[in-house]
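Participant: Can you read through this structure? Questions will come right after.
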Amino acid sequence: MNILNLNFEELQDEIIKLGLEKYRASQIFESLHVKKKRSIDEIIGLSKDQKMILNEIFSFSKTKIEKNFTSKIDNTKKILLKLEDGYIIETVLMEYSYGNSICISTQVGCKMGCSFCRSGKDGLLRNLESFEMLDQVYLIENEFDINISNIVLMGSGEPLDNFNNVIKFYEIITDERGRNLSKRAVTLSTSGLASKIYDLADLELPLGLSISLHNCDNEKRSKLMPVNKSYPLEDLKKSLLYYQKKTGRRITFEYTLIKGQNDSVIDAENIIKFTKGLKCHINLIRLNPVDGFSGEKTNKDDLENFKENLKGLNVTIRRSLGSDISASCGELRAYYKKAKVMDLDISICSDKGLVREENEDSVLKDLDAKYPLFLLADGMGGYNGGKFASSKAIEISIEAIKNSLNNDGIDIKEILKSAIKEANAYIYKESINNSDLNGMGTTLIIACVYEGKLLIEHVGDSRVYLIRNGEINQITVDHSYVNELIKNGEITPEEAKTHPYRNKITRAVGTELTIESDSYEVDLVEGDMFIVSTDGLTKMITDRGLLNLFLKNENKCNFANELVEVANKEGGRDNISVITIAINEVVK
Numbered sequence: 030m031n032i033l034n035l036n037f038e039e040l041q042d043e044i045i046k047l048g049l050e051k052y053r054a055s056q057i058f059e060s061l062h063v064k065k066k067r068s069i070d071e072i073i074g075l076s077k078d079q080k081m082i083l084n085e086i087f088s089f090s091k092t093k094i095e096k097n098f099t100s101k102i103d104n105t106k107k108i109l110l111k112l113e114d115g116y117i118i119e120t121v122l123m124e125y126s127y128g129n130s131i132c133i134s135t136q137v138g139c140k141m142g143c144s145f146c147r148s149g150k151d152g153l154l155r156n157l158e159s160f161e162m163l164d165q166v167y168l169i170e171n172e173f174d175i176n177i178s179n180i181v182l183m184g185s186g187e188p189l190d191n192f193n194n195v196i197k198f199y200e201i202i203t204d205e206r207g208r209n210l211s212k213r214a215v216t217l218s219t220s221g222l223a224s225k226i227y228d229l230a231d232l233e234l235p236l237g238l239s240i241s242l243h244n245c246d247n248e249k250r251s252k253l254m255p256v257n258k259s260y261p262l263e264d265l266k267k268s269l270l271y272y273q274k275k276t277g278r279r280i281t282f283e284y285t286l287i288k289g290q291n292d293s294v295i296d297a298e299n300i301i302k303f304t305k306g307l308k309c310h311i312n313l314i315r316l317n318p319v320d321g322f323s324g325e326k327t328n329k330d331d332l333e334n335f336k337e338n339l340k341g342l343n344v345t346i347r348r349s350l351g352s353d354i355s356a357s358c359g360e361l362r363a364y365y366k367k368a369k370v371m372d373l374d375i376s377i378c379s380d381k382g383l384v385r386e387e388n389e390d391s392v393l394k395d396l397d398a399k400y401p402l403f404l405l406a407d408g409m410g411g412y413n414g415g416k417f418a419s420s421k422a423i424e425i426s427i428e429a430i431k432n433s434l435n436n437d438g439i440d441i442k443e444i445l446k447s448a449i450k451e452a453n454a455y456i457y458k459e460s461i462n463n464s465d466l467n468g469m470g471t472t473l474i475i476a477c478v479y480e481g482k483l484l485i486e487h488v489g490d491s492r493v494y495l496i497r498n499g500e501i502n503q504i505t506v507d508h509s510y511v512n513e514l515i516k517n518g519e520i521t522p523e524e525a526k527t528h529p530y531r532n533k534i535t536r537a538v539g540t541e542l543t544i545e546s547d548s549y550e551v552d553l554v555e556g557d558m559f560i561v562s563t564d565g566l567t568k569m570i571t572d573r574g575l576l577n578l579f580l581k582n583e584n585k586c587n588f589a590n591e592l593v594e595v596a597n598k599e600g601g602r603d604n605i606s607v608i609t610i611a612i613n614e615v616v617k
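Under our numbering, the residue at position 110 of the sequence shown is numbered 139, and the numbers go up by one with no gaps.
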């Protein structure tokens, strides 16, 4: 059993059952929740035999911090944690003048289905155990050497849908014999599960209660928040009146403003009517864009006007934190879930080879983009034209992709394809208008990790290979003259290697007014190795040779350099550029 999942009384009972002294419970509880020890062996004052007994019964979680991101705007930190079963959850650490506040998740995913929230897009995957909520606090305190003074249960999940585990977490974190966090320093946020609000009220806990309100018209609220169909506003208000009668605590209402949907004068009047008789505070929030939700932010002036329309109520506008690191509920986890790859080993190398005087290739990896991106281009048309074409193809494509990724509801495949068309239009125009650049063009590969797949857009004879389970396969099909001859049955692949027109390509970026790229997608599997390369590599090393080099390779982070080195040893007749992408882990 996980020892962090036990409250003090449960731990004490287990200690007595094991035949150990009763006082050991206090010693161990303090070590776990004050000193934040992560194993029995770290606890001071226990004998070797006692530790052996405890290790046979108790376990510790293997939750670990996978990634953390710090806002350059306000130092807000977004942390992704990996649970023992591979699921990813997220936590946000916020710095205030009064101390450090942490927003934790209570579920993996969420079944509430609120239309403007990322957390529920994939439904509920499972509840978090109490110890997994504690892990979020303790791991982050240890990681950043800080003390958390406030906890808000506003991350992924509906806390009241995981009622027992959440209450147990609250009891443990506020226990005076352990962490001893102030009982009033915890705030629970709910979408409005009225039946559970009654249960919470009966416990008479001094925690803070926050309600995600967002509309005070039943029909409109039900569209935004399906939970309203089960617990309409009338039922919600009755439960809140009961809660306030039992606890005497003020209630906070969270209200996200959506342009043209819930920001009118009538909407403000509905809030005033709904909150009548309740001791409450209204927290107005500007919408964060969400994939699949077409609503827009209310502008700042309308936000202030809406606040003015709520005269007589205690109203504040929430300060937006961590906007540059996707710090809203479910956002960052959603990006990683869409990428569905948590661990990549990337190597990249570009070399002019042994014959060419200059390098006309261009390569780029961008792991800071919304989804990991890899671009490779092999320019042609003399050094000036070739280098210009390859570098501009990548520069224009990456800018177009990043700009489009900021817009919601756009097909990622269309974004990649459109980026190539944009690069083609620019290079073609420059080729026509500048005599020094006449006839230039470039191959182009764009690869993007998205939803557990590698999406590929391809023009030219640069290639993408996949090595999986000891076999190598070419994913892309060359746009080349000899490949057309092979398809027509006019020559064999062996004859193509020595054909006088083997270097002639039939499609390139920038050589024609319009361009169509070929699209590929490959499901990612742990252990996959992708090789993205210009023909400077594949002219020097056979497919079998690439596979053998991979099987002998002991350093995936240096594989591209090794391939370039071997290609040069074989003659290095052309520029050689390689990106290797090793898939070490695919997240759930």
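Idealized CB from N, CA, C, for every residue including glycine.
Quantities reported herein were computed from a predicted structural model and do not represent experimental measurements.
Under the assumption that Ile311 contacts Leu270 (Cβ atoms under 8 angstroms), give the Cβ distance between them as a whole number of angstroms.
Facilitator: Numbered from 1 along the sequence shown, position 282 holds the residue referred to as residue 311. Numbered from 1 along the sequence shown, position 241 holds the residue referred to as residue 270. The C-beta distance from Ile311 to Leu270 rounds to 17 angstroms, too long to fall under 8 angstroms, and the pair is not in contact.
Participant: On the three-state DSSP scale, how would you describe Thr527?
Facilitator: Sequence index remark: in the sequence shown, residue 527 carries index 498 (1-based). Here Thr527 sits in coil by DSSP.
Participant: Out of Glu283, Lys326, Glu263, state which residue places its alpha-carbon closest to the alpha-carbon of Gly289.
Facilitator: Here the question's residue 289 lines up with position 260 in the sequence shown. Closest in alpha carbon position to Gly289, among Glu283, Lys326, Glu263, is Lys326.
Participant: Going by the CB atoms, is the gap between Gly184 and Gly138 shorter than 9 angstroms?
Facilitator: By one-based count along the sequence shown, residue 138 stands at place 109. By one-based count along the sequence shown, residue 184 stands at place 155. Result no, Cβ atoms of Gly138 and Gly184 do not sit closer than 9 angstroms.
Participant: Among His243, Asp228, Ala223, Ser211, whose alpha-carbon lies nearest the alpha-carbon of Leu236?
Facilitator: Reading the sequence shown from its first residue, position 207 is the one you call residue 236. When each option's Cα is compared against that of Leu236, the closest is Ser211.
Participant: Where does Arg155 sit, in a helix, a strand or coil, going by DSSP?
Facilitator: One-based indexing of the sequence shown puts residue 155 at position 126. Arg155 falls in the strand class under three-state DSSP.
Participant: Can you tell me whether Gly481 is buried or exposed, with buried defined as 16 or more other CB within 10 angstroms of its CB?
Facilitator: Numbered from its first residue, the sequence shown carries residue 481 at position 452. When all chains shown are included, Gly481 counts as buried.
Participant: Using CA atoms only, rank isn't needed, just tell me which of Thr135, Ser88, Ile177 is closest to Met123.
Facilitator: As a working note, residue 123 is residue 94 in the sequence shown. The candidate whose alpha carbon is nearest that of Met123 is Ile177.
Participant: To the nearest angstrom, report how far apart Leu434 and Ile425 are at their CA atoms.
Facilitator: Working through the sequence shown from its first residue, we reach residue 434 at position 405. Working through the sequence shown from its first residue, we reach residue 425 at position 396. Between Leu434 and Ile425, the C-alpha separation is close to 14 angstroms.
Participant: Spell out the partners DSSP gives Arg278 in its beta bridges.
Facilitator: Translated into positions along the sequence shown, residue 278 becomes position 249. The bridge partners DSSP lists for Arg278 come to none.
Participant: Near Arg347, which residues of its chain fall below 6 angstroms by C-beta distance, leaving aside the five closest residues on each side in sequence?
Facilitator: In the sequence shown, the residue the question calls residue 347 occupies position 318. Within the same chain, Arg347 has close Cβ partners Asn312, Ile314.
Participant: Would you check if the region 447–464 and the region 385–401 touch, i.e. whether three or more CB-CB distances between them fall below 8 angstroms?
Facilitator: no
Participant: For Glu263 and Val344, I'd like the C-alpha separation in whole angstroms.
Facilitator: As a position in the sequence shown, residue 263 is number 234, starting the count at 1. As a position in the sequence shown, residue 344 is number 315, starting the count at 1. Spanning the two alpha carbons is a distance of roughly 22 angstroms.
Participant: Out of Thr471, Gly601, His487, which one is the CA nearest neighbour of Cys477?
Facilitator: Position 448 of the sequence shown, counting from 1, holds the residue named residue 477. Looking at the Cα atoms, His487 is the closest of the given residues.
Participant: Near Gly408, what residues of its chain come up, given a Cβ to Cβ distance below 6 angstroms and the 5 sequence neighbours on each side ignored?
Facilitator: Against the sequence shown, residue 408 aligns to sequence position 379. Hits under 6 angstroms: Glu389, Gly415, Lys416, Ala418, Ser419, Thr471.
Participant: Relative to the alpha-carbon of Asp296, which residue among Lys274, Lys329, Tyr260, Asn334 has its alpha-carbon at the smallest distance?
Facilitator: One-based indexing of the sequence shown puts residue 296 at position 267. With distances taken between Cα atoms, Asp296 lies closest to Asn334.
Participant: Compute the distance between the beta-carbons of Ile605 and Ser447, then report whether it is under 9 angstroms.
Facilitator: Along the sequence shown, read from residue 1 onward, the residue named residue 605 stands at position 576. Along the sequence shown, read from residue 1 onward, the residue named residue 447 stands at position 418. Taking 9 angstroms as the Cβ cut-off, Ile605 and Ser447 do not qualify as a contacting pair.
Participant: Report yes or no: do the region 552–567 and the region 511–529 share at least 3 C-beta pairs separated by less than 8 angstroms?
Facilitator: Touching, no, given that fewer than three Cβ pairs across the two stretches are closer than 8 angstroms.
Participant: Hey, would you say Phe192 sits closer than 9 angstroms to Lys225, going by beta carbons?
Facilitator: Counting from one through the sequence shown, the residue named residue 192 turns up at place 163. Counting from one through the sequence shown, the residue named residue 225 turns up at place 196. Yes, Cβ-Cβ distance for Phe192 and Lys225 is below 9 angstroms.
Participant: With the cut-off set at 9 angstroms, would you say Ile131 and Val195 are in Cβ contact?
Facilitator: Counting from one through the sequence shown, the residue named residue 131 turns up at place 102. Counting from one through the sequence shown, the residue named residue 195 turns up at place 166. Cβ atoms of Ile131 and Val195: not closer than 9 angstroms.
Participant: Do you know whose CA, among Asn502, Gly152, Asp564, lies nearest Leu576's CA?
Facilitator: Within the sequence shown, residue 576 is the residue found at index 547, counting from 1. It is Asn502.
Participant: So Leu393 and Ile610 are in contact, right, with Cβ under 8 angstroms, and what is the actual spacing, rounded?
Facilitator: By one-based count along the sequence shown, residue 393 stands at place 364. By one-based count along the sequence shown, residue 610 stands at place 581. In fact, because the Cβ distance is near 13 angstroms, the residues do not count as touching under 8 angstroms.
Participant: Classify Gly184 as helix, strand or coil using the three-state DSSP reduction.
Facilitator: Within the sequence shown, numbered from 1, the residue matching residue 184 stands at position 155. Gly184 sits in coil when the DSSP states are folded into three classes, being neither helix nor strand.
Participant: Using three-state DSSP, classify Met254 as helix, strand or coil.
Facilitator: Residue 254 sits at position 225 when you count from the first residue of the sequence shown. Correct three-state label for Met254: coil.
Participant: Let me check one thing: in DSSP terms, what residues is Ile314 bridge-paired to?
Facilitator: Indexing the sequence shown from 1 puts residue 314 at position 285. Listed as beta-bridge partners of Ile314 by DSSP are Thr285.
Participant: Apply the 10 Å Cβ neighbour rule to Tyr260 and answer buried if 16 or more other Cβ atoms are within range, or exposed otherwise.
Facilitator: Taking the sequence shown and counting its residues from 1, one reaches residue 260 at position 231. Buried is the call here.
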